[in-house]
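Novice: Pasting in a structure now, in structure tokens, and then I'll have a few things to ask.
Protein chains in written order, with this note's numbering: chain A, 931 to 1126; chain B, 57 to 576.
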């Protein structure tokens, strides 16, 4: 039951708490899709090895819309990095523009996904294919919406004058989560849309 | 300040008023204080532990004799619910609660990272746990007959996982970013390091469970429940978290607790500390089990990787045992209840990991029934509960500001060790016995023993609560900052219970045992 008195430490330079936390959250989100896509690939391999086609009769997944979405999301990587770069130079006008553009491209991706769902004419109750494809693409939309909310919140904080060239962790953290979301789409694009 | 802000490096007023011993729900509504959130996690998890072990006992008792008080369907659902519940409602939140309270203190931080997110995670977990229990009771367990109840169960499990992941992110971020100057990763206390390892494994594997639940829910709710949502296949898709190797992932923080307790209560520095850190890391790597899903990979038990993991996990455990034995030899063990509980946890861990090693040896055919695997799971979960109880006994004086009643803790050593051995080992023996027709008559006796073991583990959860609450009893001696007088790590440098901000000045750390350096 003794008391310890330790010498004071010098002022500390903290690592970027919000960026690290966002990286952990992004890793967890990424693993959800690793799990989903793992089940998808295993189920598809089972169906194909039994001699059947993976997609049910009358169902076709066009490649044009997925490719457009992929290009759109790759563009958002650049716009997001543009925002990070601009705020780190205290160029607020360019940062607002880049964040706004990122959000618009995110909305475009949601619209394109719903259009693709309409074109596929795949019923969720059609079997394992419908459940898997709608769960994976739907979950990605959820991740995209979360990323957009994160970006929007940081954009509002930037508009409120909270970020500076020296302290812009919020926007960097949003960018980390956004990049993870785009990486997830890359996995979906290859495993669902390209290799059918 | 915006919601995402934390102010970890400011506002450290060591003279501030200390919090009350046990926070009431009313005082912690809206509070982001990591001490209140952590304490509430711990108490709620132990309450769920009582219910969970009783449910496990009832589920086992159902198979005794010919007539049963439960239908087969209800008995199976109760067993499945208790298995999942003991992990997600008891063991993980118990460790997460201790970590939310203790990790900031161990790394010299004034708060947990994202304190409001940590509080939101705790409330979400509590709410989801309540919904899970209610939904399970109204025929909503896996494969239940009431569709809406099953949907509710699946959604509440999803909420539970998201909440636990959010809480884990807060603890991991604290350990990574808020360490005091000089505290490099190899100098962090063993519990903090074990949370880093265990939390990282949770972060990589629990989302896979969330993915399984999503597929079950979508198929159950919208897809006609023909594949993933089919009643007969639901539990099979999530049962991998209750089996080897994933079950080990929920024990990892317990290894760190045991290490901290052994070091402090023997008064010795842990020798070859980096080797012990590596052993905990290796134990974590060998517990990644999200890939071993019988539902999508039925032949996983024939896989060399699965068999190798089950055997190799003995090596890091042996290294840890060597380190603990050396501390006992070099130091002067103080016969306090946390040390007894730590030893009980280690004994159960040894039995559980040995059982796991036997389970992966194909010629023994121990996977032909579920008895052996269930017995091994009880041993590991019992070890985790004992480690949690050791942590409560060890840090209880820090949490309450008073010395806990050691007699309750000592009684709990016997209860938890007896409960774990009776509950788990009896089912392991039954797993062997079912291979020999001459031993088939032992079935009922061994199951009765297992039921008694589970009941003892429920009693152990209750005793852990009583031990913590004993800090609030009248006349309990004050703990002081260093309750054991041999504290080695930073949590013993701040007042008990810690005031708002925890530390007056951030401490300089020059070794893994800064308080011993200061005394030298």
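For every residue, glycine included, the Cβ atom is placed at its ideal position computed from N, Cα and C.
From a predicted model like this one, the values you see are computed outputs, not experimental measurements.
Going by beta-carbon coordinates alone, are residue 520 of chain B and residue 102 of chain B separated by less than 7 Å?
Specialist: Contact: yes.
Novice: Mind checking whether residue 437 of chain B and residue 142 of chain B have CB atoms under 7 Å apart?
Specialist: Going by C-beta atoms, residue 437 of chain B is nearer than 7 Å to residue 142 of chain B.
Novice: Using alpha carbons as the reference points, say which of A:1095, A:994 and A:1032 lies closest to residue 1046 of chain A.
Specialist: For residue 1046 of chain A, the nearest C-alpha among the options comes from A:994.
Novice: Do you know how far the Cα of residue 230 of chain B is from the Cα of residue 946 of chain A?
Specialist: About 11 Å.
Novice: Is there at least one non-hydrogen atom of the ligand COA closer than 6 Å to the beta-carbon of residue 265 of chain B?
Specialist: Questions concerning the ligand COA fall outside what the structure shown contains, since it holds no ligand whatsoever.
Novice: Assign residue 975 of chain A to buried or exposed, taking buried as 16 or more other Cβ atoms, counted over all protein chains shown, within 10 Å of its Cβ.
Specialist: So residue 975 of chain A ends up on the exposed side.
Novice: Assign residue 329 of chain B to one of two classes, buried (16 or more other C-beta atoms within 10 Å of its C-beta) or exposed (fewer than that).
Specialist: When all chains shown are included, residue 329 of chain B counts as buried.
Novice: What in chain B is Cβ-close to residue 1117 of chain A, meaning under 8 Å?
Specialist: Within 8 Å Cβ-Cβ: nothing; residue 1117 of chain A doesn't reach chain B, min ~13 Å.
Novice: Within 10 angstroms of its Cβ, does residue 66 of chain B collect 16 or more other Cβ (buried), or is it exposed?
Specialist: Confidence at residue 66 of chain B is low in this model, with a pLDDT of 41, below 50, so the placement of that residue is unreliable and no value is reported for it.
Novice: Within 10 angstroms of the Cβ of residue 1049 of chain A, are there 16 or more other Cβ atoms? Answer buried if so, exposed if not.
Specialist: Exposed.
Novice: For residue 299 of chain B, which residues in the same chain have their Cβ closer than 8 Å to its Cβ, ignoring the five residues on either side in sequence?
Specialist: Cβ neighbours of residue 299 of chain B beyond the five flanking positions: 345, 348, 429 and 433.
Novice: Residue 170 of chain B CB to nearest chain D CB: under 7 Å?
Specialist: The structure shown contains no chain D; its protein chains are A and B.
Novice: What do you get for residue 1085 of chain A, buried or exposed, if any count of 16 or more other CB atoms within 10 angstroms of its CB means buried?
Specialist: That one is buried.
Novice: Skipping 5 residues on each side, what residues in its chain have a beta carbon closer than 7 Å to that of residue 251 of chain B?
Specialist: Correct list, in chain order: 155, 159, 227, 231, 309 and 312.
Novice: Under a CB-based cut-off of 7 Å, is residue 556 of chain B close to chain A?
Specialist: By this cut-off, residue 556 of chain B is not an interface position.
Novice: How big is the Cα-Cα spacing for residue 106 of chain B and residue 362 of chain B?
Specialist: C-alpha separation (whole angstroms): 33 Å.
Novice: Which first and last residues belong to the alpha helix (DSSP H) in which residue 459 of chain B is found?
Specialist: Note, residue 459 of chain B: premise wrong, no alpha helix (DSSP H); not H, not E.
Novice: Tell me which same chain residues have a C-beta within less than 7 Å of the C-beta of residue 523 of chain B, skipping the five on either side of it?
Specialist: Contacts found: 448, 449, 452, 460, 461, 464, 465 and 468.
Novice: Measure the C-alpha to C-alpha separation of residue 1083 of chain A and residue 1029 of chain A and round it to an integer number of angstroms.
Specialist: C-alpha separation (whole angstroms): 10 Å.
Novice: Could you work out which residue in A:972, A:1112 and A:1125 is closest to residue 1002 of chain A when comparing CA atoms only?
Specialist: When each option's Cα is compared against that of residue 1002 of chain A, the closest is A:1112.
Novice: In or out: residue 59 of chain B buried (at least 16 other Cβ within 10 Å) or exposed?
Specialist: Only weak support is given to the placement of residue 59 of chain B: the predicted model assigns it a pLDDT of 37, under 50, and the question is left unresolved by the model.
Novice: Which residues bound the alpha helix (DSSP H) around residue 164 of chain B?
Specialist: No alpha helix (DSSP H) contains residue 164 of chain B, which DSSP labels as neither H nor E.
Novice: If you run the structure through DSSP and keep just helix, strand and coil, what is residue 1097 of chain A?
Specialist: Residue state, collapsed to three classes: coil.
Novice: Apply the 10 Å Cβ neighbour rule to residue 1069 of chain A and answer buried if 16 or more other Cβ atoms are within range, or exposed otherwise.
Specialist: Counting Cβ neighbours within 10 Å, residue 1069 of chain A comes out buried, since at least 16 surround it.
Novice: If we ignore side chains and look at the alpha-carbon of each, how far apart do residue 173 of chain B and residue 88 of chain B end up?
Specialist: Approximately 8 Å, taken between the alpha carbons.
Novice: Would you mind working out which of B:481, B:392, B:373 and B:295 sits nearest residue 138 of chain B, comparing C-alpha positions?
Specialist: The candidate whose alpha carbon is nearest that of residue 138 of chain B is B:295.
Novice: Using alpha carbons as the reference points, say which of B:199, B:354, B:96 and B:157 lies closest to residue 547 of chain B.
Specialist: The option with the nearest alpha carbon to residue 547 of chain B is B:157.
Novice: Mapping DSSP to helix, strand and coil, what is residue 1024 of chain A?
Specialist: In the structure shown, residue 1024 of chain A sits in a helix (DSSP, three-state: H, G or I).
Novice: Does the region 468–483 of chain B come within contact of the region 524–543 of chain B, defined as at least 3 CB pairs closer than 8 Å?
Specialist: Verdict: no, contact absent.
Novice: Can you give the beta carbon distance from residue 392 of chain B to residue 552 of chain B, rounded, assuming they're within the 8 Å contact cut?
Specialist: That pair is no contact at about 16 Å.
Novice: Check whether the region 256–266 of chain B touches the region 179–195 of chain B, counting contact only when three or more Cβ pairs, one atom from each stretch, lie closer than 8 Å.
Specialist: Result no; under three Cβ-Cβ pairs closer than 8 Å.
Novice: Any idea what DSSP makes of residue 353 of chain B, helix, strand or coil?
Specialist: Three-state DSSP puts residue 353 of chain B in coil, outside helix and strand.
Novice: Can you pull out the residues from the region 1042–1062 of chain A whose beta carbon lies closer than 8 Å to at least one beta carbon of chain B?
Specialist: Hits within the stretch, in order: 1054, 1055, 1057, 1058, 1060, 1061 and 1062.
Novice: What is the rounded straight-line gap between the Cα of residue 371 of chain B and the Cα of residue 499 of chain B?
Specialist: Cα to Cα, the separation comes out at about 33 Å.
Novice: Using Cβ-Cβ distances below 9 Å, what residues of the region 277–305 of chain B are close to chain A?
Specialist: Cβ contacts with chain A come from 278, 279, 280, 282, 283, 284, 285 and 293.
Novice: Do you know whose CA, among A:961, A:1012, A:986 and A:999, lies nearest residue 1102 of chain A's CA?
Specialist: Among A:961, A:1012, A:986 and A:999, the Cα nearest to that of residue 1102 of chain A belongs to A:1012.
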